[in-house]
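Peer 1: I'd like to ask you about the structure that follows.
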Amino acid sequence: MQIALEDVQVEGRRAPMLETTSLTVSSGECVLLAGEPGHGHTALALVATGRLAPFTGTVTLVDDDGATTTSTAALRRVTAVVDVPGISEPDDELTVGDVVAEELSLAGQRSLPGDATRWLDVHDLLDRRKDRVDELHGAVRTALLSSLASEREEVRFVVLTLPDRHRGEPSGWWSVAESLASLGYGVVVQCTRSSARDLGADLPPARGDDALRAAPIEALRTRPPVAVPLAPPGSPPEEAPAGPSEEAPGSPPASPPEEAPAGPRGDDDRGPADSGDPADSRDPADSRDRTDPTGPPGPTPDEETDR
C-alpha cells in the first residue's frame with residue numbers, strides 16, 4: 001500500500017500554509033521529513049492523511065492490488081496522525097491512564113479503567129499510569145501514542161509530527177518509528193533540521209527567504225527488516241503468525257516459554273514426587289543420594305529426562 005502526494009500545495013488566508021511538495025510513503029517504510037516549525041508540518045500531516053484538502057495537486061492511495069483512489073475518506077480510514085500540535089496532541093493535564101482510556105474508546109474498544117490498566121501493563125507502562133502525559137519524554141510519549149494509534153483496526157500509515165519538541169534524544173523516537181515500520185506500517189516522521197542532522201542526515205543550511213518558507217524536505221528513508229507480518233484488518237493480535245521477532249517499543253512484549261523454576265530442590269534434593277516416598281533404585285535422584293551423599297548435586301530428574 002502507498003500514499004503519493006504530487007505537487008501538493010495548501011493556501012492560507014495571507015500566505016501558503018504549505019508550499020508545493022511531493023512525497024511517497026509505502027507500507028514498511030520510514031520517512032523522515034525535516035523543516036523548521038512554521039514550514040507546514042501540520043498542513044502536510046493533514047493533507048497526506050485526507051484530513052485537509054490540498055489547494056493544488058493530488059493525494060493518491062494505492063492499494064495492495066494496485067487499485068488507486070483519491071478519496072479523502074479512504075485516506076482517513078487507513079491513516080493516523082499522532083501528536084500533531086493543536087490537532088491530535090493530548091491535553092497536557094491528562095494522565096497517561098486517561099489518554100489510554102480515551103484512545104481505546106476512539107479505536108472502538110472497551111475503555112473502562114480496568115481495560116486501560118491492562119493495556120498499560122501489557123505495554124510495560126503501568127508505573128506511568130498516574131503521570132501527566134506532558135511529563136513523558138519524546139521516546140516514551142511517541143511509543144505510547146503511536147501504539148495507541150495502531151490499535152485502530154484499519155490503520156496502515158502513521159504520521160508523527162515533531163516528536164523532538166519533547167525531551168529526549170532523536171534516536172529514541174526514531175527507533176520507535178522504525179519499529180512501527182518493521183511491523184508493516186508506513187511511517188512519516190516530521191522533525192526540525194537539527195534533529196535530522198543528529199540522525200545522520202546531510203542537509204544544507206536553510207538560507208534566504210525561499211528556504212525559510214520551504215516545505216519540509218525528505219532527510220532519510222529506511223525500510224527496516226520485517227519483524228512480524230501485519231495482521232489483516234479486524235484480526236485479533238493472537239491470530240498473527242507466530243515466530244521470533246524484534247519487539248517495537250510500546251508493543252506487547254513476547255511471552256517467554258514457561259520453564260521449571262531453577263534453584264534449591266528442598267531437603268535431600270528430592271522433588272515433589274519423592275516426598276514421603278521410599279527410596280527407589282529406578283529413581284535417579286534416590287540412586288545418586290545413595291552412592292555419593294557428600295558429592296556435588298547432580299542433574300535433576302527433569303534434566304535426566306531431557307537428555
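According to the UniProt record's numbering, the sequence shown holds residues 1 to 307 in order. Yeah, the Cβ is synthetic: ideal placement off N, Cα and C, and Gly gets one too.
In chain order, what residues of the same chain have a beta carbon less than 6 Å from the beta carbon of Arg193, not counting five sequence neighbours either side?
Peer 2: Excluding sequence neighbours, Arg193 sits near Ala34, Leu203.
Peer 1: Whether or not the region 71-82 and the region 46-53 are in contact is what I'm after, with contact meaning three or more pairs of Cβ atoms, one per stretch, closer than 8 Å; do they touch?
Peer 2: Contact holds: three or more Cβ-Cβ distances are below 8 Å.
Peer 1: Report yes if the CB atom of Val226 is closer than 7 Å to the CB atom of Ala149, and no otherwise.
Peer 2: Against a cut-off of 7 Å, the Cβ pair of Ala149 and Val226 comes out as no contact.
Peer 1: On the three-pair Cβ rule with 8 Å, is the region 58-71 touching the region 94-103?
Peer 2: Output reads no: the region 94-103 does not touch the region 58-71.
Peer 1: Using only alpha-carbon positions, find the residue among Val189, Arg13, Ser105, Tyr185 that is nearest to Arg165.
Peer 2: Arg165 has its Cα closest to that of Val189, out of Val189, Arg13, Ser105, Tyr185.
Peer 1: Going by CA-CA distance only, name the one from Gly38, Tyr185, Val159 that's closest to Glu29.
Peer 2: Closest by alpha carbon: Tyr185.
Peer 1: Check whether the region 172-180 touches the region 130-143, counting contact only when three or more Cβ pairs, one atom from each stretch, lie closer than 8 Å.
Peer 2: Yes, since at least three Cβ pairs between the region 172-180 and the region 130-143 fall closer than 8 Å, the two stretches touch.
Peer 1: Check whether the Cβ atoms of Leu120 and Leu112 lie closer than 7 Å to each other.
Peer 2: Their beta carbons are not under 7 Å apart, which means Leu120 does not touch Leu112 by this criterion.
Peer 1: Assuming Thr70 is part of the beta strand (DSSP E), what are its boundary residues?
Peer 2: Note, Thr70: premise wrong, no beta strand (DSSP E); not H, not E.
Peer 1: Glu218 by DSSP, collapsed to three states: which one?
Peer 2: In the structure shown, Glu218 sits in a strand (DSSP, three-state: E or B).
Peer 1: Please classify Leu162: is it buried, with 16 or more other beta-carbons within 10 angstroms of its beta-carbon, or exposed?
Peer 2: Buried: at least 16 other Cβ atoms inside 10 Å.
Peer 1: Straight-line CA distance for His123 to Arg207?
Peer 2: Rounded to whole angstroms, His123 to Arg207 spans 43 Å at the Cα level.
Peer 1: Identify every residue that forms a DSSP beta bridge with Arg132.
Peer 2: Beta-bridge pairing links Arg132 to Thr95.
Peer 1: Judging by CA-CA distance, which residue of Glu218, Pro16, Ser147 is the nearest neighbour of Leu104?
Peer 2: When each option's Cα is compared against that of Leu104, the closest is Ser147.
Peer 1: In this structure, how does DSSP classify Pro237 when only helix, strand and coil are distinguished?
Peer 2: Reliability fails at Pro237, whose pLDDT of 42 lies under 50, so the model's placement of it is uncertain and the value that follows must be treated cautiously. The answer is helix: DSSP assigns Pro237 an H, G or I state.
Peer 1: Taking the alpha-carbon positions, what's the Thr79 to Pro205 distance?
Peer 2: Roughly 32 Å between the two C-alpha positions.
Peer 1: If you reduce the DSSP assignment to three classes, tell me which class Gly172 lands in.
Peer 2: DSSP places Gly172 in helix when its eight states are reduced to three.
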